[in-house]
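Going by numbering that gives the first Met the number 0, the sequence shown opens with residue 0, and the numbers climb by one from there. Think of the CB as a built atom: it goes at the ideal place given N, C-alpha and C, for glycine as much as any other residue. Read through the structure below, which is laid out as structure tokens, and then see the notes.
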Amino acid sequence: MIIGALRQTGRLFALAAEVSRAVFRRPFQFREFVEQFWFVASVTILPAALVSIPFGAVIALQVGSLTQQLGAQSFTGGASVLAVVQQASPLIVALLIAGAAGSAICADLGSRTIREELDAMEVMGVSPVQRLVVPRVLATMAVAVLLNGLVSVVGTLGGYFFNVVLQGGTPGAYLSSFSALAQPADLYVSELKALVFGFIAGIVAAHRGLNPRGGPKGVGDAVNQSVVITFLLLFFVNMVMTAVYLQIVPPKGG
0 MIIGALRQTG RLFALAAEVS RAVFRRPFQF REFVEQFWFV ASVTILPAAL VSIPFGAVIA
60 LQVGSLTQQL GAQSFTGGAS VLAVVQQASP LIVALLIAGA AGSAICADLG SRTIREELDA
120 MEVMGVSPVQ RLVVPRVLAT MAVAVLLNGL VSVVGTLGGY FFNVVLQGGT PGAYLSSFSA
180 LAQPADLYVS ELKALVFGFI AGIVAAHRGL NPRGGPKGVG DAVNQSVVIT FLLLFFVNMV
240 MTAVYLQIVP PKGG
């Protein structure tokens, strides 16, 4: 079991390296990229916007309640917005892309694999990685970066509404605390997280789609495995990136 897990891990990293190299090869499948970009965006934009509202509300309510207990109501806006931008927004985007787009990518590639379409492409001298995997991975990365901005804005507006309307906060204090605590690096690391998370979601989905076992049932199992593996990797990578960011970038005013 351990050897099998190590072998699958090695294949996953090998696929990631092969995709990274194939990005710069020509010809680039621009039409496939546009189609996949539109598909990923169409299945994630509305759910991401809807999910970000309760996320922002819950964070604002919890942070607002905590700051009231500590007597630091003036920092409610900055703390809640930073939590949304740095942590909630990239994770929401990654989970939706992995659950909606990643599962579809895995199922598509898995069905092509069991029908031996990918073997036929290799016989004709066409690289399945360059033709099918690279456009899908780049599409998930591009959508993740753009969607992260949307989720950050919607989550921030939701937190502002719930803090000002339901908890009796003042708009001026909310905005001033945000400008006092936030800095451009917070947005940069959020976008970097979204980019990395999109890459991970695309690579894991493609890897499981290229290696199904047991026919059609194996494709369904591969889809489930891709979602679970992606979730575990996302939370681990998020922890590492957050720890590194907090060590490298000093807090504003620190």
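What does the alpha-carbon distance come out to for the pair A103 and V42?
Here residue 103 is taken as the residue at index 104 of the sequence shown, counted from 1. Here residue 42 is taken as the residue at index 43 of the sequence shown, counted from 1. Approximately 10 Å, taken between the alpha carbons.
With a threshold of 6 Å on Cβ separation, who are the neighbours of L222 within its own chain once the five nearest residues in sequence on each side are excluded?
Position 223 of the sequence shown, counting from 1, holds the residue named residue 222. Per the sequence shown, the amino acid found at residue 222 is Val instead of Leu. Excluding residues within five positions, the ones whose Cβ falls inside 6 Å are S102, C105 and A106.
Would you call the stretch 51 to 64 in contact with the stretch 107 to 122, where contact means no fewer than 3 C-beta pairs closer than 8 Å?
no
How would you label G201, buried or exposed, when you count the other beta carbons within 10 angstroms and need 16 or more for buried?
By one-based count along the sequence shown, residue 201 stands at place 202. Per the 10 Å Cβ criterion, buried.
Would you list, in sequence order, the uninterrupted beta strand (DSSP E) runs of no fewer than 3 residues that lie entirely inside the stretch 122 to 163?
You should have found no qualifying run.
Helix, strand or coil, according to DSSP, for T229 in the structure here?
To locate residue 229, count along the sequence shown from 1; it is residue 230. In this structure, T229 counts as helix in the three-state DSSP scheme.
Reducing DSSP to helix, strand and coil, say where P26 ends up.
Against the sequence shown, residue 26 aligns to sequence position 27. Of the three classes helix, strand and coil, the one that applies to P26 here is coil, per DSSP.
Mapping DSSP to helix, strand and coil, what is P249?
Indexing the sequence shown from 1 puts residue 249 at position 250. In this structure, P249 counts as coil in the three-state DSSP scheme.
Closest residue to A21 among V83, L94, V125 and A204 (Cα-Cα distance)
Start at 1 with the first residue of the sequence shown, and residue 21 comes out as number 22. Here the closest residue by C-alpha is V125.
With a threshold of 16 other CB atoms inside 10 Å of the CB of R6, please say whether the residue is buried or exposed.
By 1-based counting over the sequence shown, the position of residue 6 is 7. Classification for R6: exposed.
Rounded C-alpha distance that separates I44 from F230:
Counted from its first residue, the sequence shown places residue 44 at position 45. Counted from its first residue, the sequence shown places residue 230 at position 231. Their Cα atoms are separated by approximately 19 Å.
I want to know whether the stretch 181 to 190 touches the stretch 207 to 219 - three or more CB-CB distances under 8 Å.
Contact between the stretch 181 to 190 and the stretch 207 to 219 is absent, with fewer than three C-beta pairs closer than 8 Å.
Let me check understanding here. Comparing Cα to Cα, which of L232, P46 and N210 lies closest to F198?
The residue you call residue 198 lines up with position 199 of the sequence shown. When only C-alpha atoms are compared, the closest one is L232.
Closest Cα partner of G154 within the set L191, V243, L49 and L94
Position 155 of the sequence shown holds residue 154. Taking only the C-alpha atoms, the option nearest G154 is L49.
DSSP three-state assignment for G55, whether helix, strand or coil
Residue numbering aside, residue 55 sits at position 56 when the sequence shown is read from its first letter. G55 falls in the helix class under three-state DSSP.
Between the beta-carbon of G9 and the beta-carbon of L108, is there less than 8 Å?
Here the question's residue 9 lines up with position 10 in the sequence shown. Here the question's residue 108 lines up with position 109 in the sequence shown. Contact: no.
Is G157 near the ligand GTP, going by C-beta to nearest heavy atom under 7 Å?
Looking for the ligand GTP in the displayed structure turns up nothing, as the structure carries no ligands at all.
Beta-carbon separation of A193 and N147 under 8 Å?
Start at 1 with the first residue of the sequence shown, and residue 193 comes out as number 194. Start at 1 with the first residue of the sequence shown, and residue 147 comes out as number 148. It is a contact, given that the beta carbons lie within the stated cut-off.
Nearest neighbour of S79, chosen from I58, W37, V218 and L95 [CA to CA]:
Locating residue 79 in the sequence shown gives position 80, where the first residue counts as 1. S79 has its Cα closest to that of I58, out of I58, W37, V218 and L95.
What is the C-beta distance between L11 and V203, in whole angstroms, given that I count them as a contact (C-beta under 8 Å)?
Position 12 of the sequence shown, counted from the start, is the residue given in the question as residue 11. Position 204 of the sequence shown, counted from the start, is the residue given in the question as residue 203. Contact flag correct, Cβ pair sits at about 7 Å.
Beta carbon of A181 nearer than 8 Å to that of V39:
Taking the sequence shown and counting its residues from 1, the one referred to as residue 181 is at position 182. Taking the sequence shown and counting its residues from 1, the one referred to as residue 39 is at position 40. For A181 and V39, no; Cβs fall outside 8 Å.
Boundaries of the alpha helix (DSSP H) in which I113 is found, first to last residue
Residue mapping note: residue 113 aligns to position 114 of the sequence shown, counting from 1. Note, I113: alpha helix (DSSP H), S102 to I113.
Check Q182 in the structure and name its three-state DSSP category.
Translated into the one-based positions of the sequence shown, residue 182 becomes position 183. In the structure shown, Q182 sits in coil (DSSP, three-state: anything other than H, G, I, E or B).
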